[in-house]
Amino acid sequence: MNRKKIIITLCLLTLAFFAEAQDRDTEQIEQLKIAFFTEKLNLSAKEAVRFWPVYNLHNKRYEELRDKEWSTIKSKLEIIETLSQKEAEVLLDNYMSYKQAGVDYREDFVKNLKEVITSKQIMMLKKAEYDFNKKLLKQYQSDKSSNE
52 MNRKKIIITL CLLTLAFFAE AQDRDTEQIE QLKIAFFTEK LNLSAKEAVR FWPVYNLHNK
112 RYEELRDKEW STIKSKLEII ETLSQKEAEV LLDNYMSYKQ AGVDYREDFV KNLKEVITSK
172 QIMMLKKAEY DFNKKLLKQY QSDKSSNE
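Quick note on numbering: the working numbering labels position 104 of the sequence shown as 155, and the sequence is numbered without any gaps.
See the structure below:
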């Protein structure tokens, strides 16, 4: 009985350790992203104070949409061969609604950004997002290959 408690405690501590490490990684990536975007967009301190709340709100809304809608669609795609024509039609409608909601979010985001930064900076943001994700993926692949 005592041994069982020790094993359970060790498992919980291990899970907590990995969760904390993952949180640290996420936090570190977020800090790198802030520095990268601020530099690439050449944001002044005043612009940065106004920019980041708009950017973070958009990301939060978009992640919520993706988590809620895409997970449902993706699970149905896993079993697409077994769906009836009617179910596939509903799935397609849901998918198109999901994609349209993403476009609507992006349009709203750009409208809000225009109140904070210039159109040129908005396009620089798009490029910075692409470059940052590319850099992150390259780093991930490099880390993965060095661990093998």
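Glycine included, every Cβ here is placed at the ideal spot set by N, Cα and C.
On a predicted model such as this, the values are computed, not experimentally measured, just so you know.
(Q) Quick check on Q172: buried or exposed, where buried means 16 or more other Cβ atoms within 10 Å of its Cβ? (A) Position 121 of the sequence shown holds residue 172. Its Cβ being crowded by 16 or more others within 10 Å, Q172 is buried.
Q.
My output table needs one value for N93: the three-state DSSP class, helix, strand or coil.
A. The residue given as residue 93 occupies position 42 in the sequence shown. Three-state result, N93: coil.
Q. Nearest-angstrom Cα distance between R75 and Y191?
A. Your numbering for residue 75 matches position 24 in the sequence shown. Your numbering for residue 191 matches position 140 in the sequence shown. In a straight line, the C-alpha of R75 is about 16 Å away from that of Y191.
Q. CB-CB under 8 Å to I124, same chain, minus the five flanking residues each way: which ones, in chain order?
A. Counting from 1 along the sequence shown, the entry for residue 124 is found at position 73. Correct list, in chain order: L142, N145, Y146, Y149.
(Q) Only counting the same chain, and skipping five residues up and downstream in sequence, which positions put a Cβ closer than 6 Å to that of S197? (A) Start at 1 with the first residue of the sequence shown, and residue 197 comes out as number 146. Nothing listed; no residue qualifies.
Q. Between which two residues does the alpha helix (DSSP H) containing T169 stretch?
A. Locating residue 169 in the sequence shown gives position 118, counting from the first residue. Looking at the DSSP string, T169 is not in any alpha helix (DSSP H), and its letter there is neither H nor E.
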